[in-house]
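Participant: Going down the list, the sequences are from chains A and B.
Under the numbering used here, the first residue of the first sequence carries the number 1, and numbering increases by one thereafter.
Under the numbering used here, the first residue of the second sequence carries the number 1001, and numbering increases by one thereafter.
For glycine and all other residues, C-beta sits at the position ideal for the given N, C-alpha and C.
Remember, it's a predicted structure, so these values are computed and weren't measured experimentally.
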Amino acid sequence: MPSSTSIFEDDSKLSRADRAYFRLESALNLLGGIIIFLLVFLATTNVLGRWLFNMSVSGYIDWVEQSMAFIAFLGIAYTKRLGGHIRMDILVSHLRGRWLWFTELVSVLLMLLVTLVLIYGSSLHFWRAYTLGDSSLDIDLPIWPAKLVVPVALTVLALRLMLQIWGYARAFRENAEQPVGIPLIEDAAAVAAKEAESVKEDSDQALY
Amino acid sequence: MNLAEYMANMDTIGIGLWITGFMLLLIIIGVRVAFAAAIAGFAGLLWVFTAKYGFERGLMISIQMAGTIPHSKVSSLALSLIPTFILIGYLAYYAGLTKALFEAAKRWVGWLPGGMGVATVFSTAGFAAVSGASVATSAVFARIAIPEMLRLGYDKRFAAGVVAAGGTLASLIPPSAILVIYAIIVEQDVGALLMAGFLPGLVSALIYGGLVVFLATTRKDFGPPVRGFTWKQRFESVPGALPIFAVVGIIIVCIYGGVGTPTEAGSLGAFIILLMALRKGMRWKELRSSLMETTKLSVMIFSIIWGVLLYVRFLGFADLPGAFSDWLTSLEMSPMMILIMILLSYAVLGMFMDAIGMLLLTLPVVYPAIIALNGGEGVTAADSAFGISGVGVSIWFGIIVVKMAELCLITPPIGLNCFVVAGVRPEVTVQDVFKGVKPFFVADLLTIAVLIALPGIVLWLPGLMGFT
Chain A
1 MPSSTSIFED DSKLSRADRA YFRLESALNL LGGIIIFLLV FLATTNVLGR WLFNMSVSGY
61 IDWVEQSMAF IAFLGIAYTK RLGGHIRMDI LVSHLRGRWL WFTELVSVLL MLLVTLVLIY
121 GSSLHFWRAY TLGDSSLDID LPIWPAKLVV PVALTVLALR LMLQIWGYAR AFRENAEQPV
181 GIPLIEDAAA VAAKEAESVK EDSDQALY
Chain B
1001 MNLAEYMANM DTIGIGLWIT GFMLLLIIIG VRVAFAAAIA GFAGLLWVFT AKYGFERGLM
1061 ISIQMAGTIP HSKVSSLALS LIPTFILIGY LAYYAGLTKA LFEAAKRWVG WLPGGMGVAT
1121 VFSTAGFAAV SGASVATSAV FARIAIPEML RLGYDKRFAA GVVAAGGTLA SLIPPSAILV
1181 IYAIIVEQDV GALLMAGFLP GLVSALIYGG LVVFLATTRK DFGPPVRGFT WKQRFESVPG
1241 ALPIFAVVGI IIVCIYGGVG TPTEAGSLGA FIILLMALRK GMRWKELRSS LMETTKLSVM
1301 IFSIIWGVLL YVRFLGFADL PGAFSDWLTS LEMSPMMILI MILLSYAVLG MFMDAIGMLL
1361 LTLPVVYPAI IALNGGEGVT AADSAFGISG VGVSIWFGII VVKMAELCLI TPPIGLNCFV
1421 VAGVRPEVTV QDVFKGVKPF FVADLLTIAV LIALPGIVLW LPGLMGFT
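(1) So, at 7 Å on beta carbons, what are the nonlocal neighbours of B:F1325 in its own chain, with the 5 sequence-adjacent residues on each side left out?
(2) Quick one: is A:M111 near chain B, going by C-beta distance under 8 Å?
(3) Hey, would you say B:T1447 sits closer than 8 Å to B:S1204, going by beta carbons?
(4) Which residues, taken in chain order from the region 1337 to 1365 of chain B, show a beta carbon closer than 8 Å to some beta carbon of chain A?
(5) Helix, strand or coil: which one does DSSP assign to B:P1413?
(6) DSSP beta-bridge partners for A:F8?
(7) Taking the Cβ atom as the reference point for each residue, do B:L1315 and B:P1364 lie within a distance shorter than 8 Å?
(8) Going by other Cβ atoms of all chains shown within 10 Å of its Cβ, with 16 needed for buried, is B:M1353 buried or exposed?
(9) To be precise: take each residue of the region 28 to 46 of chain A, compare its Cβ to all Cβ atoms of chain B, and keep it if any distance is under 7 Å. Which residues remain?
(10) If the cut is a Cβ gap below 9 Å, which residues of chain A does B:T1084 touch?
(11) Please decide whether A:H125 counts as near chain B, where near means a Cβ-Cβ distance under 8 Å.
(12) Three-state secondary structure (DSSP) at A:S135?
(13) Name, going along the chain, the residues of the region 1060 to 1078 of chain B whose beta-carbon falls closer than 7 Å to a beta-carbon of chain A.
(14) Mind checking which residues open and close the alpha helix (DSSP H) that includes B:S1138?
(15) Rounding to the nearest angstrom, what Cα-Cα distance links B:V1140 and B:T1218 in this structure?
(16) What residues in the region 1273 to 1303 of chain B have a beta carbon less than 9 Å from any beta carbon of chain A?
(17) Could you pull out every residue in the same chain whose Cβ sits closer than 7 Å to the Cβ of B:A1385, ignoring the five residues on either side in sequence?
(18) Would you list the one or two residues that DSSP bridges to A:P142?
(19) Between the Cα of B:A1355 and the Cα atoms of B:L1454, B:S1176, B:L1215 and B:A1043, which residue gives the shortest distance?
(20) Is the distance from the Cβ of B:G1266 to the Cβ of B:I1304 below 8 Å?
(21) Going by Cα to Cα distance, which pick from B:I1452, B:P1113, B:V1348 and B:M1341 is closest to B:G1392?
(22) I'd like to check one pair, B:V1048 with B:I1013: are the Cβ atoms closer than 8 Å?
(23) Nearest chain B C-beta to A:R96 closer than 8 Å, yes or no?
(24) Kindly indicate the opening and closing residues of the alpha helix (DSSP H) around B:R1157.
(25) For B:V1203, does the three-state DSSP call read helix, strand or coil?
(26) Does the region 1111 to 1127 of chain B come into contact with the region 1138 to 1157 of chain B, if we say contact requires no fewer than three beta-carbon pairs (one atom in each stretch) closer than 8 Å?
(27) Cβ of B:G1041 within 7 Å of any heavy atom in the ligand HEM?
(28) Using a 10 Å radius around the Cβ and a threshold of 16 neighbouring Cβ atoms, would you call B:Y1093 buried or exposed?
(29) State the DSSP-derived secondary structure class of B:A1381, mapped to helix, strand or coil.
(30) B:G1378 to A:V152, Cα distance in whole Å?
(31) Flag this pair as yes or no: are the beta carbons of A:M111 and B:I1027 separated by less than 8 Å?
(32) At which residues does the alpha helix (DSSP H) containing B:P1243 begin and terminate?
(33) By alpha-carbon positions, which one of B:G1114, B:G1466 and B:P1174 ends up nearest to B:G1153?
(34) What residues of chain A sit near B:E1264, judged by a beta carbon separation below 8 Å?
(35) Taking 8 Å as the cut-off, decide whether the C-beta atoms of B:M1300 and A:T79 are in contact.
(36) Could you check whether the Cβ of B:R1157 sits closer than 8 Å to any Cβ belonging to chain A?
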């Protein structure tokens, strides 16, 4: 079920920054995906090992718990860039031009504010674990890396939000029709058309 | 009295109402749900602690408290199930299951009146269950099933309707990510919820199937059955569709038999589908795309979870859920009427909002009220308002509310499944699809009524596991 979002591009500084930054976000998101993949292998090995050889992976629960923060946070900026965090767009989808860009700008500014708060708060949380040397219950894995990933990923998100603020501010100033670097709102019909398109592409590649 | 004093002196329920109103405002102006909840939660904590300790200390305490939540709430063993279920969905797409499933269903049930419709119902149900993706299932089957049905002379609207409706069977039959999310939010056993969804999901599919047979026998020129398959041909079609049964079977056996945790079951399922997809020619490009999409969807879900739990942390100080429960239980209306009103409001809300966001946002307040309405958490079936124990109600309500949320995928104005089917098939309009799903919509209402009247359908399997 591949999906894509329309984000206009041109050769402006903003659009180039957007695309360059997207490469970093994609890499982090892929890393999250690889961790999910490893989690699947770990759990499969654990359960098959127990069934077949009466042996389980040492510290299985610790590994799973520690991996969760990486899965949940590494892709957070990538998801934001593609407009993947859900929202209710019943109101904003009716706005046009400056009203729309202004509302979006306010929305992203608020998100940035709470992200900054959380970066500070989660850094403190990490720092406590790091200085106290907290470790997991079963096999004494250090906990701080999983706690560190939260402020790091949120910082990546904060920079993405700043890029979007730039994008919306520019769209507002220029009253742009096709602004670059920001995800655009799509109504149900457009989402459906895209979904239909992706199904077509895949079946053409004979994946069934 | 100035504003600061007024705010400092407000009672906690008042603060709860203001903050919740603020959150709704943020959601209406289009702030991403996860962040709207987090902003409101933090603002609420700041308000409560500033009133208690003054601004500077209050700010520091709220930052520290808020800062622990994202990490601590997602680092849970129970949540690790979600990415495995999502990965199954994306891999299933590449594993060649859709056509094989449809072919098998056609050979086995095609002889029934309206046979192609019945085959479509069961194959969409199977694929939707495993992929967990309603909309994508409808999109895929619109390409596979509709052309065949049209070729055999089936009514265009009906053919489109059955595909759109069939997709909604995704959320009850295991693996179901949305039931996992429900279980985690209401702190109920994940396995119990997954098992509870199985029979209602099956009943839904059977009701759909029965409806097709009924329509085919009562209407003229509806569409012919497909006969002439030998038993040999039938059995030959089974292996291709087997991974679907394997995934559902593994999850049920692991959880019901207690031989594996839900995450292990999900991982094993993903592993099998992965092998299948590799055999069907999936390579790094497709695997990479599956992983990227799985991570994106997982991140989306986890973000709402920690965002909402930040808001819930604040609610713990404001006791809004308690006040809401008190108000609901004091109403001069039968508990069943209140339950139905709540379900109807979910139907309305679902027209504007994604099911996961809707459930996560509302459950922290609505769920305690449902439990209170029934007579409390520890109530026995005999003393309760709905005739179901406290544990039973938490499972039963989950199944009904999830079924309700899925219903919104085939109702106007959003009805995404209908738009998708119309998008894939140029020969059908959105209006055609909405007309075609009408009988299925009625069938769904019937299913919900049956599940409300006969909670045993939901509670039988969890009951056998000891959740009574």
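Facilitator: A quick look at the data gives this:
(1) At residue 1325 of chain B the sequence reads Ser, which differs from the Phe that was named. Within the same chain, B:S1325 has close Cβ partners P1368, A1369 and A1372.
(2) yes
(3) yes
(4) F1352, M1353, D1354, I1356 and G1357
(5) coil
(6) A:V180
(7) yes
(8) buried
(9) N29, L30, G32, G33, I34, I36, F37, L39, V40, A43, T44 and N46
(10) I36, L39, V40 and A43
(11) yes
(12) strand
(13) I1063, Q1064, A1066, G1067, T1068, P1070, H1071, V1074, S1075, S1076 and L1077
(14) S1134 to R1151
(15) 29 Å
(16) L1274, A1277, K1280, G1281, M1282, E1286, L1287, R1288, S1289, S1290, L1291, M1292, E1293, T1294, T1295, K1296, L1297, S1298, V1299, M1300, I1301, F1302 and S1303
(17) P1335, L1373, N1374 and G1375
(18) A:S135
(19) B:S1176
(20) no
(21) B:I1452
(22) no
(23) no
(24) K1156 to G1166
(25) helix
(26) yes
(27) Among the ligands in the structure shown, none appear at all, so the ligand HEM cannot be discussed.
(28) buried
(29) coil
(30) 43 Å
(31) no
(32) W1231 to G1257
(33) B:G1114
(34) A43, T44, N46 and V47
(35) yes
(36) no
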